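Reminder that position 123 of the sequence shown reads as 123 in full-length UniProt numbering, one-by-one numbering, no gaps. Ideal Cβ positions, reconstructed from N, Cα and C, are used throughout, including at glycine. No experiment lies behind these values; they were computed from the predicted model shown.
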Amino acid sequence: MDTMIELPAMRRSAELAPNTADADSRTVEVVWSAGARVRRATFFGEPYDEELSLDPAHVRLDRLNAGAPFLKVHELDTLDAVIGSVVPGSARIENGRGIAQVRISERADVEPIWRDIQAGHIRAVSIGYQVHRFEVSKPDGGRELWRAVDWTPFEVSAVPVGADPAAGFRANTDLHDCVLHRRDAPTQQGASPMTDQTNPAAGDAANPASNQPTEPNDTEDTIMTEPKATTTEAQGAGVDTRAQTQTQAIPAPDTEAVATRAREAERDRVSTIYDLAGRLNLERSFAEDLVKRGVSVDESRRLILDQVAAKSDETRTFGHVSVPLGGRDERITRRDAVANALLHRYSPTLFQLEDAARQYRGMTLLELARESLGNAGVNTRGLSRDEVATRALHSTSDFPEILSAVTNKTLRQAYEAYPRTFMLFCRQVLATDFKAMHRVQLGEAPQLLEVGESGEFKRGTLGESKESYKVKTYGRVVAITRQTLINDDLDAFTRIPAMYGNSIAQLESDVVWGIITANPAMADGTALFHANHRNLAGTAAALDVTSVGAARAAMAKQTGLDKKTVLNIRPAYLIVPASLELKAEQLVAQNLVPATSGNVVPQSIRTLAPISEPRLDAASETAWYLAASPAQIDTIEYAYLEGQQGAYIETRNGFDVDGIEIKCRLDFGAKAIDWRGLYKNAGA
């Protein structure tokens, strides 16, 4: 008899064959199924073994051969999750294995995945499939065996882990019909109890009993199945094992059999607990606790039911809301509005109140926390102020993200507002990592030589000098505790992060200006400002037209690394300590009616842009400098880590504190690259 039941779709893990990767066509072969028997757990029922028949007559390859998608970890709800597709017509069954060729997308965000596949770092592949018909038998002394004799693979996914039964992935997909065909007697001769390590079935050719006609006393159930995921173990790094043959396992001694059954029982317990917790959307930590404490399957089912009941008492469920293409999620809009209300409360002049934020303008931090919990479906009725604060900081509500957004914006605003005077004459670059960066100081091009008729062109060389430095990491952690919310202390995550923003900007200035004041040695062993570099005045002179003119002339006479070619460097900036700021401004100011012609300030000096930096006063209140534009020649170079330009913050639930920890970080480095674009006079 056939009975119809319902199961969701299912998934199985398989493997990539990195040695088949073709860089030109961006294709690679996958072994999407080897028919391995794996353990399954029914919902609050006895576990069973599942086997996928790889008889070509039992597998519907239409969807794979039509160009099924190659996904990223079974993500079904975003277009970015599609990282390739199955090459049409490439899906086939050979030697009891399902094989297909996958073509990888050429999108920039997929390139790192393709490189990892070629290198063999990504090997695990999982397929999504639907079973339309199971044949069910029960070998003597073993679990039920559900053998899929009519099934459809419909997608292939790259996954990070393939062989861990507790790390399986299940999707909340629609149910579909499946016929469950039960036999009164076993259909396999000599079948033994199944384990998670059972060798894959090589199709019906390896299992003749499966081809026998249905007996009159057979029964069939029709069920609704879900796409599942089980695992085919990797066969070795970079080795294509599709052609390997099956071998008969040698019976183990009795002691080994006992140990094997114990391991099977433990794996069964662990996989069942994780499976039940995952289906009921419980936190993974809850399942991990049951596993670590050795709780039995029956006791775990009871505890899981209790946990589900407890969650249902405090959680309201909401229907799924679809966002139109190009629209904006209501949750994000609400979160931004609350953040704007808090920022406006912190500084009305810096942050204008938006219309969507007006409804939150007069609410305290605790009231906003209660609002966020309610929007997340948490019933806050009867909760104390402390309980509201604790749950808001340690739940799935938007409140931690709101606090993070407010902190980030106040920190960035203060960071960008701080005056960093070095940026005018220094050059910014991005570092790809924390390794030392080597900067080659190229010399001038060799002078051209006259070439006579039928003459030979002579080769020239470029002189060079190498400087190196690396990016360093600076950081601190700020904590927002539940006491902050209860006390409605807005300054804790507005003014304090703003102070950190100032501190980070000051640190950058300290690093760069520290190079000027410390006068460090260059790669040639000579100090940055030195007579041998011809960028240090031999006689200290006060800041005036004459001394500046002499400094300009010295920079213009700088030569290349060959000590011959004149570079004619023109200064663009006049750098002075704060004590000389007024005098520098007067020097470069327009002098309309001088008393005498000797007081006329030349146009070349008036074009200098004055830069006043108080950090220079600590070293000398009289010394002044000239700097060329970094577009003409290298001076000082500063670098941020790529993707982390300037101040960067990240948040997490507090571990050492009862609240949220906010980490402020700066990845920054600087170095003088060339001395010829800088000049110093000690002043008088």
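A distance below 8 Å separates the beta carbons of L574 and P610. If you look at L54, you'll find it isn't in any beta strand (DSSP E); DSSP assigns it neither H nor E. Your pair A100 and V82 does not check out as a contact, with CB atoms roughly 16 Å apart and the cut at 8 Å.
Taking L373 as reference, the option from D398, I332 and L71 with the minimal CA-CA separation is D398. Assigned with DSSP and collapsed to three states, L536 falls in strand. Closest by C-alpha distance to L145, out of R39, V291 and N65, is R39. In the DSSP secondary-structure assignment, D22 is bridged to T27. In the DSSP annotation of this structure, the continuous segment of the beta strand (DSSP E) that includes Q101 starts and ends at R97 to I104.
Take A554, set aside five residues on each side of it, and the residues of its chain with a beta-carbon closer than 8 Å to its own are R534, N535, A537 and Y679, in chain order. DSSP links I93 through a beta bridge to G98.
Residue pairing by DSSP places N681 opposite W624 in a beta bridge. Ranked by Cα distance from Q586, the options Q644, R606 and N568 are led by R606. One thing to note: A639 has its Cβ within 8 Å of the Cβ of V471. Here D140 is exposed: its Cβ has fewer than 16 other Cβ atoms, across all protein chains shown, within 10 Å.
Burial of V31 is indicated by the presence of at least 16 other C-beta atoms within 10 angstroms of its C-beta. The three-state reading of DSSP puts G455 in coil, since its state is none of H, G, I, E or B. For Q483, there is no enclosing beta strand (DSSP E); the residue is found in the alpha helix (DSSP H) stretching over R482 to I486. DSSP, read as helix, strand or coil, puts Y418 in coil. Per DSSP, A66 is not a residue of any beta strand (DSSP E), being assigned neither H nor E. Rounded to whole angstroms, the gap between the alpha carbons of E467 and R439 is 5 Å. The beta-carbon distance between D488 and T364, rounded to whole angstroms, is 5 Å. This is short enough to meet the 8 Å contact definition. Nearest Cα to A66 within the set E46, D80 and V102: V102. Where V511 is concerned, the enclosing alpha helix (DSSP H) starts and stops at R495 to A518. Sequence-distant Cβ neighbours of K409 in its own chain, meaning closer than 7 Å and more than five residues away, are L343. Distance from L366 to V388 at the Cβ level is roughly 6 Å; contact confirmed, criterion being Cβ atoms closer than 8 Å. Looking at the backbone, the Cα of S126 and that of V159 are separated by about 6 Å. Relative to A551, the option among K564, E581, L608 and A431 whose CA is nearest is L608. Counted as a single uninterrupted DSSP element, the stretch harbouring I660 is not any alpha helix (DSSP H) but the beta strand (DSSP E) occupying residues G659 to A672. Ranking A339, E288, I515 and I649 by CA distance to the CA of I636 puts I515 first. DSSP places H344 in the helix class (H, G or I) of the three-state scheme. The alpha carbon of A277 has as its nearest neighbour, out of L485, L303 and G683, the alpha carbon of L303. Between T390 and R261, the beta carbon gap of about 46 Å keeps them out of contact (Cβ cut-off 8 Å). Contact between R652 and T517 is absent: CB atoms are separated by about 38 Å, not below the 8 Å threshold. D80 sits exposed, since fewer than 16 C-beta atoms from the chains shown fall within 10 Å of its C-beta. Spanning the alpha carbons of H58 and R123 requires a straight line of approximately 27 Å. Using a 10 angstroms sphere on the CB of A392, the tally of other CB atoms reaches 16 or more, which defines it as buried.
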